[in-house]
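Quick notes on the structure that follows.
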Amino acid sequence: MRIRRYLRDSGRVLAFVFVASVIWLLFDMAALRMSLNEVNTELLKERVIREKDPRDANAVGQFGQPAVVGWKEDAEVKKRWDEGHFNVYLSDKIPVDRAIPDTRPLVHDDLPSTSVIFCFVDEVWSTLLRSVHSVLNRSPPHLLKEIILVDDFSTKDYLKKQLDDYMAQFPKVRIVRLKERQGLIRARLAGAAVAKGEVLTFLDSHIECNVGWLEPLLERVYLDRKKVPCPVIEVISDKDMSYMMVDNFQRGIFKWPLVFGWSAVPPEDIKKFNLTISDPIRCPVMAGGLFSIDKQYFFELGTYDPGLDVWGGENMEISFKIWMCGGEIEIIPCSRVGHIFRGQNPYKFPKDRQKTVERNLARVAEVWLDEYKDLFYACWMLNSIVTPGRGER
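Here full-length UniProt numbering is used: the first residue of the sequence shown is 1, the next is one more, and so on.
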């Protein structure tokens, strides 16, 4: 009898110990989960603060993190559950525009990093800042090595100390100041010379990068280092600043005498090659303002011809060089960047603008067109007008 009572009492004790252990373990796991959530939330908060996301980093449920209500609110949670058969009480506390994590599967999780290079001279303050912020806000931090602002000897006061002070808050932004006016072409070379990223991404200083703009460009370089991808260039109105979408199936072309233009891909070609809205489009020449290129390949090509002055013709020169040296130029429809197309250049040319562009194009023709340069001269009749000099192929 005593033995039976002892065993019964011992069983109760063991059961009590077991239940207590389970409860303690559950509390411990809950505490660990809360601790991990706090760590993840802090990391996401730091990212938002760093990238200047307009959302409140401390809001309930921000970034898709679990939200917990106090035990005093349990009754209200239960009371309102039947309104939607989920936690309606908590849902009402979460921002209607909360951020959630990007859970898309990555095709390649080891894309190369890039240095984004902006060259500017007397650029408007708001457009320059908007260009930089669009890159900071819409580029994965691990892929954005740096942003290099190359100041081509601007004269505006706001682009000096005021710009230095403003950009000092962004660790990834640095400013390179040229001591005399060099022009876009040599300014880009100055930026490329100090870039630390594996890929160079050149952008104009009056653009706005769209969502997911960077990854498709870097993926093409990852797949083939001699591919030179360009985003689809959409239009930001110079009148009302509206952002306007453009057709997917366009490519860059030139007409004699080396005049750049856009041409729609013929419908029969779209059908013949089964092109979809996400397929890269090979094109003969690029617009020149916006593209990515493997840094090592850029220097293997010989970079831009430093003998080209200020602006004009550099897009033809780099395009011919890419195709003739084993590379390919592509437009990537999944990458979109808005651009303000201006009626004229707001800055001055050291020499006459038209003569500068004509000289540059003649120099490109002399170096790269061989016997086809006769077509160039026949169309523009520059034989006796221009003294282009000769660059090196």
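The C-beta atom is built at its ideal place from N, Cα and C for all residues, glycine as well. Source: prediction; values computed, not measured.
DSSP three-state assignment for residue i, whether helix, strand or coil
i: glutamate 73; result: helix
i: histidine 339; result: strand
i: valine 135; result: helix
i: tyrosine 243; result: strand
i: alanine 195; result: coil
i: glutamine 65; result: coil
i: lysine 373; result: helix
i: glutamine 182; result: coil
i: lysine 161; result: helix
i: tryptophan 213; result: coil
i: lysine 227; result: strand
i: methionine 148; result: The amino acid at residue 148 is misidentified as methionine; the sequence shows isoleucine. Note: isoleucine 148 maps to strand in three-state DSSP.
i: lysine 272; result: helix
i: isoleucine 318; result: helix
i: threonine 103; result: coil
i: tryptophan 311; result: coil
i: threonine 127; result: helix
i: alanine 378; result: helix
i: glutamate 330; result: strand
i: glutamine 296; result: helix
Under 9 angstroms between C-beta atoms of residue i and residue j
i: leucine 159; j: glutamate 208; result: no
i: isoleucine 147; j: leucine 136; result: yes
i: proline 101; j: valine 221; result: no
i: glycine 289; j: aspartate 204; result: yes
i: isoleucine 185; j: glutamate 366; result: no
i: lysine 179; j: phenylalanine 153; result: yes
i: proline 280; j: proline 333; result: yes
i: phenylalanine 299; j: tryptophan 368; result: no
i: glycine 307; j: valine 357; result: no
i: leucine 90; j: valine 69; result: yes
Selected residue, minimal CA-CA separation from residue i, among the options
i: arginine 359; options: Ile332, Val310 and Arg336; result: Val310
i: isoleucine 94; options: Ser205, Phe299, Pro66 and Pro171; result: Pro66
i: lysine 239; options: Glu314, His339 and Lys72; result: His339
i: proline 140; options: Lys196, Pro231 and Glu215; result: Glu215
i: leucine 218; options: Gly197, Tyr372, Gly183 and Asp97; result: Gly197
i: glycine 64; options: Ala99, Asn58 and Leu90; result: Ala99
i: leucine 223; options: Val235, Val199 and Ile236; result: Val199
i: isoleucine 117; options: Glu268, Met245, Tyr372 and Thr201; result: Thr201
i: leucine 143; options: Asp305, His108, Trp323 and Tyr243; result: His108
i: tyrosine 166; options: His133, Lys145, Arg138 and Glu268; result: His133
i: glycine 183; options: Arg353, Glu371, Glu83 and Asp370; result: Arg353
i: valine 337; options: Phe376, Val60, His206 and Ser278; result: His206
Neighbourhood of residue i by C-beta distance below 8 angstroms, restricted to the same chain and skipping five residues each side
i: aspartate 247; result: Ala264
i: cysteine 379; result: Trp256 and Pro257
i: aspartate 56; result: Gln62 and Pro95
i: phenylalanine 260; result: Gly252, Ile253, Phe254, Val285, Ala287, Gly288, Asn315 and Met316
i: aspartate 374; result: none
i: valine 194; result: Ile148 and Val176
i: arginine 138; result: Cys209, Asn210, Val211, Gly212, Trp213 and Leu214
Check: residue i C-beta below 8 angstroms from any heavy atom of the ligand MG
i: glycine 289; result: Here there are no bound small molecules, and the ligand MG is not part of this structure.
Contacting residues, own chain, Cβ-Cβ under 7 angstroms from residue i (five flanking each side not counted)
i: arginine 225; result: Asp294 and Tyr297
i: isoleucine 270; result: Phe249
i: arginine 80; result: Val88 and Tyr89
Sequence-distant residues of its chain with Cβ nearer than 6 angstroms to residue i (five each side left out)
i: valine 150; result: Cys119, Val176, Ala187, Ala190 and Gly191
i: proline 229; result: Leu217, Arg220, Ser292, Glu330 and Ile332
i: methionine 241; result: none
Q.
Closer than 8 angstroms is the cut-off here; do at least three beta carbon pairs connect the region 148-167 with the region 280-287?
A. no
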